[in-house]
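Quick note, the numbering used here runs 839 ahead of the 1-based positions in the sequence shown.
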Amino acid sequence: MRAGSESLIFSEGDVPPIDFWAQRVPYIGPEDLTAEACFHAARQYCALATPVGSTWKQMLQRDHDIDPYTLHYTAIMLLGGGDQPGETWRLGLHMLGTASDLDYAPSTLTFMRLMTKAVEDKSSRMRETKMYRSAESRFNGLVKATKHPDAITLQGLRLRRQGDDNAALVHFNKAVEVGAKSGNNDSDTTKERPPRWNWEATCHLERGRILLQQGNQEAAEAAFRIAALELDVADGHLELGKILPGDSQEREHHLRKAAQSLNREACLLLADAEKQRALAAGLAAPQRKQHQKLADEWLLLAGDDADQTGGRSDGARNSAAPE
């Protein structure tokens, strides 16, 4: 029996129309879920969810065939595949928390990833909510089990944001160790491969940044090479290019790879390199003009006005936002 409408958290008006689902399912959802299934799951959820009690959570699967897997991906559709709140974010986040309550680990990890930034705000009351405390407890269990590289990576990110880089590095190292046992362990660092866990690239990038800050450039370069050469992520190419010798072809190759993904910092670094070439002594006027033109084009891609900057790149903050 459904609760009285006065006790429901959501209403049918909170559910987007079928067109919303039809547009998102092909790009965000798994192949075995249809727009109709997600639409149905969201409507039933809004008809059952109450602020007290938990029997309605079991009713989702028992009476309406909505399992945590379906709940999870329906929530992902509502969240829009991003971290910025939208009109459907509240419903999506609540559904994600419920899937976590039903012990679906991917929902626990996704919920905690989304909430990590929110709880950093001192004015946030998220830490006081039952949903957050419940998800955090399950998350801590996943971390302590040391079998889930994504959970260990996320804990490393949380520690890094708290300023404890040493503890974060311990977790990133552990995630690499655990992830290496998951298969696909080809040691050829020039061969592109799929990630061994969802947040592997983030793990190597943050691990490399900490190692670089600690003065261990050799180990940092090795981490960035995995992100660049094996996982082919733009920030991996950027970080690797930044620590390679300034006049090396390999440096420019990796910065160009990052710039192809419109990475602003890579574009600025390439603009600066062309500017330096244009200033080289003894260079013929046509070549000097060509280098300046290339510098201006890189600045344009970076979103900088070449006339205002004089073609000079002062660098930029890393655009990567690891989650």
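Ideal placement from N, C-alpha and C gives every residue a C-beta, glycine not left out.
- Message: Please give me, in chain order, every unbroken run of the alpha helix (DSSP H) with length at least 4 that falls completely inside the stretch 874 to 952.
- Response: 874 to 887, 894 to 903, 907 to 918 and 928 to 940
- Message: I'd like to know whether the C-beta atoms of Tyr943 and Tyr908 end up nearer to each other than 8 Å.
- Response: yes
- Quick one: using the 10 Å Cβ neighbour count with 16 as the cut-off for buried, is Arg841 buried or exposed? In this prediction, Arg841 scores a pLDDT of 49, lower than 50, which makes its location untrustworthy; the coordinate-derived value is nonetheless stated afterwards. Exposed, by the Cβ-count rule.
- Please look up how many angstroms separate the CB atoms of Leu932 and Leu918, rounded, as I've assumed it's under 8 Å. 7 Å
- Among Arg1090, Ala1110, Glu1136 and Leu847, which has the Cα closest to the Cα of Gly892? Leu847
- What's the C-alpha gap between Asp1086 and Ile867? 41 Å
- Message: Distance check for Gly852 and Ile1004, CA to CA, integer angstroms please.
- Response: According to the sequence displayed, residue 1004 carries Asp and not Ile. For Asp1004 and Gly852, the distance between alpha carbons rounds to 45 Å.
- Item | Status (buried if at least 16 other CB within 10 Å, exposed otherwise) for Ser939 | buried
- Message: Going by beta-carbon coordinates alone, are Leu1133 and Glu1113 separated by less than 8 Å?
- Response: yes
- Close beta carbons around Arg1156, own chain, < 6 Å, minus the five adjacent residues each side: For Arg1156, the predicted structure reports a pLDDT of 31, less than 50, and the residue's modelled location is therefore unreliable. The matter cannot be settled from this model.
- Query: Helix, strand or coil: which one does DSSP assign to Val854?
  - Reply: coil
- Message: Check for me: the alpha helix (DSSP H) holding Phe1063 runs from which residue to which?
- Response: Gln1056 to Arg1064
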